[in-house]
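Protein chains in written order, with our numbering: chain A, 1 to 162; chain B, 1001 to 1735; chain C, 2001 to 2489; chain D, 3001 to 3103.
Backbone N, C-alpha and C define an ideal beta-carbon position, used for all residues, glycine too.
Heads up, the thing below is written out as structure tokens.
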Amino acid sequence: MVGQALFILTAGITLLMALGVVLARNLFHAALFLVGAFFGIAVLFILLEAEFLGAAQIIIYIGAIATLIVFAIMLSRHVMGKEAGAYNRNWYFALAGVVFFFLLLGWLLIKMPFNLVTAEVPADAIAQIGQGFVGHYVVPFEVASVLLLVALIGAIMLARER
Amino acid sequence: MHDYPFVFNLTWLIPLPTALAFFAIIFFTNPKKRLSSNVAIGAVIIAWILSWAVAFAFFLKPELTEHPFDLHVPWLPMGEIAFHMGVAVDAVTAGMLFMVGFVLTMIFIYSSGYMTFPGHLDPKQYPEAAKEGLDPRYSRFFAYISLFATGMLGLVVADNLLMLFIFWEIMGLCSYLLIGFWFDKSYPDPNQITPKQAGLKAFLTTRVGDVLFMMGLIFLFIHAGTLNFQAIFANVEFMEELAAATVTLPVFGAVSWAVLISILIFWGAIGKSAQFPLHVWLPDAMEGPTPVSALIHAATMVSAGVYLIVRMAPLFAASSHGVNGAMTFVAFIGAFTALFAATIGVAQKDIKKVLAYSTISQLGYMFAALGIGAWVAAIIHLLVHAFFKALLFLGSGSVIHGVEHGHHHVHEHGHGHDDEHGHEEYFDPQDMFNMGGLLKRMPITGWTFIAGALSLSAFPFITAGFWSKDEILAHAWDGGHMAVYWTLAIGAFLTAFYTFRQVFLTFFGKPRTEAAEHAPESVRAMTWPLIGLAFFAIFGGFVAVPKSFPVFGKIFSDFMIKLMEMQGEFYPFLHVAPAEFHWTPAIISMTLALSGIVVAWLVYGWKPLEAGQPDPLKRWLGPVYTVLEKKYYFDEFYHLIAVRPTLWLASFFARFDRGVIDRIVNWVGAFGRWLAATLRKWFDEYVIDGAVNGVGLVTTWTGAVVRLIQTGQAQTYLLILLLSVAVLLLLIPLR
Amino acid sequence: MNVSDIIRLLSPELILLITGFVVIGVDLARRREDEGRTAAAVAVVGLILAALAAIFLYFSSPNQIVFYTMAIDLYGLFFKVAAFIGVALVIIASVNYMAGRSKFLGEFYALLVFAALAISVLVSATNLILIYIGIEFLSITSYILTGFLRGNERSEEAAIKYFLYGASAGAILLFGMSLLFGLTGTTDLAAVGKALEAGGDMHWLGLVALVLVLAGLGYKASLVPFHQWAPDTYDGAPTPISAFLSTASKAAGFAIVGRVFLVAFSDFHPEWTQVLAAIAVLTMFLGNLTALKQKSVKRMLAYSSIGQAGYILLGLVAVSNDPTFGGVNGLMIYLFGYIFTNVGAFLLLLPIEKKSGGSTDMEQFDGLATRAPGLALLMSLFLISLAGIPPTAGFIGKFYVFASVINQRMIVLGALAAVNTVIAAFYYLNVIRHMYFAESAVEGGVTVGRGLMTVLAINAIMVLAIGIFAQFFMTWVNSSLALVTASGF
Amino acid sequence: MTVPLSWYLIFATALFSIGFFGVLARRNAIAVLMGVELMLNAVNVNLVAFWRYLTPTDLSGQIFVVFVFAVAAAEAAVGLALMISIYRTRKSINVDELNELKL
């Protein structure tokens, strides 16, 4: 029961934060809500006994991605004054579409037959993850590192002052 | 292995010289006009020599009909086996090579004289070309016709249906380029079709047939595993299987595969050979330069449709075992088109349009012949028709050229009326009513044209056209196909009538315009090909004189017929039976042909028209004629059931009782006009407009939808992505 | 499997990786001096070496799984060779175009090499994780390349739209993959396929994942209704990049759609055949009808390439075990020929754009036959191939795809496709009409650089070669149908 | 493990939908990107939940998530760089004003 209560609390707060991200008119506030949502998800990871991912979530999402976003907001700050609306003209279509999508997909997901397995998480989970990176998943790992490098080059090239 | 003369191994070279000429002209000789035409003519002469070498090698060894030559290499792998591309020579190919090689060469030589600086262009815009006196796009013209020649020669020697289709498409593309050659020509009348539009119309109309053709081809391939003609037709078991196996179609119900494939392939021929209801492109294709009309209408593209059906005849024959025989369909379309187009030809005033409708009509004869099983007669008529029709087209080109020159001559010397007003009135050099008396001015053109006209009218005994047409009629009579016989016989009367109407209007009487009065004879590059073609137009038919015909039959051998009959026996199912010569049908058709000429003489030759005098038919028919003259594209029903009987009746009765008949004619004419207008309106509104609007509506509608969704807004795109996904997801539980 | 085996099997990827770095290094050393020519040369050499390595592998040791996630099979190698050649052609043609337009030429060529690497990985991937990484790798390099003309509003706009669309589609793809993982407990394609097959009564819920994956992968192949980014992006991107996106990148999209559907969703074959058939029809009609109305040739080609995607998809719709008309071989030969045809057609726009200062409206093609007969003939050849008229590569592709469709007795689908070829012929011919039948408003010839002329000539030769020596190419394609479905080392 | 798997899935779907709404409705490109990040996070929740409830002993699920992190970081870097670049040219990064290319 404690688990359930904890889940509902975290999930609820995270969803509220997420709503804040998409609803806040001020971009800066939205970014702060985003950090909150990331944090909530990190908590959920820990609830799911994926501590490594929880930590990684905080370091990567909050430490890197959210920071990048804040930088970008600051660099383009003065455009987002009060004059411009936060939403485009079709937001109600978007809302209807998204709600429809949510109900449909949620309904289908509830019907899904998943083969649940009850087992303990291995104690050396982090070590296994590390082995995965140099074992089965070495090709994706290497490709991902090249990808990050390419993204770095591209980002520098694109964002540099002309 | 059979022992073939060595020259057969060179068959695959036949389409090559002109292909090389095409590339040479495009890439190298393009700026030099005379060099370009010489390259093209040189290439086509090489092709001609090769064609005749192969053709005569075959003629000299008729026993080869039992094992025709076939040389091929693998092209597309098909699982275990491979699809082969290659060349084949049998009697039909040899006959076609004989005709195509010669006619192409004549047309090429003629073109070098014909393609002078055209009247519709402003010499100031093309000072260089005007100085040379040649068309600014002279080189390009020779590049196109070279590629066209490649298409035709390749089609003739192809040993399989796919390769035939490929060359068929090459020709389609070239005809598009060539019909629209004078793309910058426009007319004061906005309703008159321009060359540009005509080219597109031709391409799209034939493409409808081509798509069905390709479907038939794929079906045949899936069933047979090959498209090689000999391999398919020699396989009796397979053909029987194909005729027996049925497929259930919507609307038509169960039909045999052989019928379905035959009819799909026949649609390709309907498009290419301008048969009803896909005939509409051909008259407009006259917008191209005249040598192009000769290329497309006589020797090559349109006869390619007939050639295709000749090639596929065993399949058609096999398919007629069942009830819905495909051959009945072919016979019906052919006979109907033969009569229908002939009726239209009667009231044209454009010298080339008459020939265009006559071509549609003559092709109809060939299809009718194929439909009743007169395979040999169809081939013979195909070959003979090519000679005299190329002759007539080139002759008409020579006439047009002369009249145009006369027109310019008049203008340069300042005694035209137009100059006083400071602007030039539109003068149509192709209008026969602007001509008259040209035989004196242009004797070579005139006499050769008359030779061609006699042949087309099937003037008895001495012309090629008589023998080939007689062969078809004899078959129809023999086989008891009376409906076909009489349709074609009436068509023969009309053919003679409109042909000689043309001859009398153009060459006899007095010149009706100053242009015609000053028309000079054409240059030698144009007259020599006319003479060459005239020779075959008259004497070519003697290869088709039946043995049983008195005197002639003894003198001339029926060698060509024999050869084709032997070839036909090679293919199972074809049942080639020689037609006996019968006096009854021969006399009927002779009478009809001669009376057609006589009627034409009575109307146009007896008292030649004066300048500005309208067509006498117009006076008697009044409103009906106006309808025709207004270039109403004579919708089909109208022609068959209203105009033709009216015209025919009118011209018949008016001869002996003008006073009485006048009123009736007027009434019939008025009725005809009303009927025509109603039908045309109906046809236009619901069929033509419907189709055009439908197409327009669909594109507009698509445009509107796309404009609605392709807003440039990335978020709209994503919303559509999301909704599409949602709709697809929704389908899952609804499944 | 020892080290030398691994190096051998992954040699195309390793060569590309090294090439990418060398290109950047070379350019750093020679920047300004030669406007990226050396870098481009190195990149092309690297791509050719990689293609040769792939061809070599093709003959030596096909059909092995490397490191659990990659299958070095003939199917993948086929697409690798095709994509490497396509990218190399794009690079050669870019040299003159990009010189002076950007300061970062080394990066430009390096990114194209990395894009080739991404395609190379993607077409061999047999694991959901590697597929995701490969798709995103290809996408991210494509975003950068699309927005490469900094300061050019159209290029930047195209890039950001592509980015937003691609990132969202990627998230949807990922959602679908997570469901597949949830339903089967594995990320290996073959194992996923087996698990779905054994799914029992409820197995059809896998369709949910199928739909999401289709949306996420289909956008790469620009299938309607996931195509909308394509016209805008092709229009705004630097023209060589449009050529790249509409050919090599699209081919990779089809390759992976094919592999995922044939291996992981093989059990849903009856369902996805219907869905893909509907999508193919939509794609053909929307692409072709919209192309009909375009005034700019570049945009017309953008829509035409959507229409082409519809024909290509038919190959997958009509997939069967028939050795001759198996569908997939049609898809492959179609794509192979299409790469040369479309790269040629897009690159031909370069001299036209240069002459007109950026416009590719139909009027710019008026009278091209007089001004530049060779260029007009090449363009006609590419358009004829796109229209599927023999004897070109386009005809061979259409022939196999249509024959497969008819062979599967999908008569209505075949008829709809045939209708589309007629519509398409209309607008392709329209360009030919402008080139041959119109007086030009513009005076003077069109100059073509040596590099571009070489590329166009290669394309033209290949378009004709595939059409004429179809035997040779089809043998190759037919032998490439092997899909490695076994998992594990 | 008192929390049913479906709760996680519903949560993830809700988060995904909220993120998608942000993508569809926000004008500012950076806000759109934040929506994308939410969507990716939702999938991560899915993956981790599946891992925990279906294959706790095989860590492929977690490894998948790490790769998603890497991709998300790369995507964010490139996306934000693009936005800054277009901001310099147009002085605006409103997505609905980027419609020079259409039809």
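Pull up the DSSP beta-bridge partners for residue i, would you.
i: B:Val1247; result: B:Val1255
i: D:Arg3026; result: A:Tyr87
i: A:Gln4; result: Beta-bridge pairing links A:Gln4 to no other residue.
i: A:Gln131; result: Partner(s): none; A:Gln131 has no beta bridge.
i: D:Asn3094; result: D:Asn3028
i: C:Asp2490; result: Beyond the ends of chain C as shown, which are 2001 and 2489, falls residue 2490 of chain C; an answer cannot be given.
i: C:Gln2408; result: BP columns for C:Gln2408 are empty, so no partner.
Starting from the beta carbon of residue i, find every residue of chain B whose beta carbon is closer than 7 Å, and list them in chain order.
i: A:Leu105; result: Leu1729
i: C:Leu2377; result: Ile1026
i: D:Val3095; result: Ala1714 and Gln1715
So residue i packs on residue j, CB below 8 Å; how close in whole Å?
i: C:Trp2476; j: B:Tyr1717; result: Going by Cβ atoms, the distance from C:Trp2476 to B:Tyr1717 rounds to 38 Å, so no, they are not a contact pair.
i: D:Val3036; j: D:Val3023; result: 6 Å
i: A:Ala31; j: A:Ile73; result: 6 Å
i: C:Arg2371; j: D:Leu3101; result: So it is not a contact: roughly 29 Å between Cβ atoms.
i: C:Phe2148; j: C:Ser2102; result: 6 Å
i: B:Ile1472; j: B:Ala1377; result: 4 Å
Roughly how many whole angstroms lie between the Cα atoms of residue i and residue j?
i: B:Gly1397; j: B:Thr1290; result: 5 Å
i: C:Arg2037; j: C:Phe2340; result: 23 Å
i: B:Phe1167; j: B:Phe1148; result: 9 Å
i: B:Glu1610; j: B:His1409; result: 22 Å
i: A:Leu109; j: C:Tyr2311; result: 34 Å
i: C:Ser2011; j: A:Val146; result: 16 Å
i: B:Ile1688; j: B:Lys1185; result: Any reading at B:Ile1688 must be qualified, since the residue scores a pLDDT of 49, below 50, and its modelled position is unreliable; the value itself is stated next. Their Cα atoms are separated by approximately 25 Å.
i: C:Gly2218; j: C:Phe2226; result: 6 Å
i: A:Val150; j: B:Asn1030; result: 50 Å
Counting C-beta neighbours from all protein chains within 10 Å, is the total for residue i 16 or more, i.e. buried, or is it exposed?
i: C:Asp2366; result: buried
i: A:Phe107; result: The question names Phe, but residue 107 of chain A in the sequence shown is Trp. That one is exposed.
i: C:Trp2272; result: buried
i: D:Ala3081; result: buried
i: A:Thr67; result: exposed
i: D:Val3095; result: buried
i: C:Ala2029; result: exposed
i: A:Glu83; result: With a pLDDT of 45 at A:Glu83, under the threshold of 50, the modelled position of this residue cannot be trusted; read the value that follows with caution. Under this definition A:Glu83 is an exposed residue.
i: B:Tyr1176; result: buried
i: C:His2269; result: exposed
i: B:Trp1606; result: exposed
i: B:Phe1500; result: buried
What in chain D is Cβ-close to residue i, meaning under 7 Å?
i: A:Glu142; result: Going along chain D, no residue has its Cβ under 7 Å from A:Glu142, so there is no contact; the nearest lies around 12 Å.
i: C:Lys2161; result: Leu3098
Name, please, each residue of chain C whose Cβ falls closer than 9 Å to the Cβ of residue i.
i: B:Glu1241; result: Ordered by position in chain C, no residue passes the 9 Å Cβ test against B:Glu1241, which lies about 18 Å from the chain.
i: A:Gly3; result: The premise fails here: A:Gly3 is roughly 20 Å from chain C at the closest Cβ pair, so nothing lies under 9 Å.
Say yes only if the C-beta of residue i is nearer than 7 Å to one or more non-hydrogen atoms of the ligand ADP, and no if none qualify.
i: B:His1475; result: Judged by which ligands are present, the structure shown has none, so any question about the ligand ADP falls away.
Output, in chain order, the set of chain A residues within a Cβ distance shorter than 8 Å of residue i.
i: B:Ile1732; result: Leu108
What residues from chain B crowd round residue i, counting only those whose CB sits closer than 8 Å?
i: D:Leu3101; result: Gly1712
Could you tell me which chain D residues have their CB closer than 8 Å to the CB of residue i, listed as they occur along the chain?
i: B:Leu1722; result: Phe3020 and Leu3024
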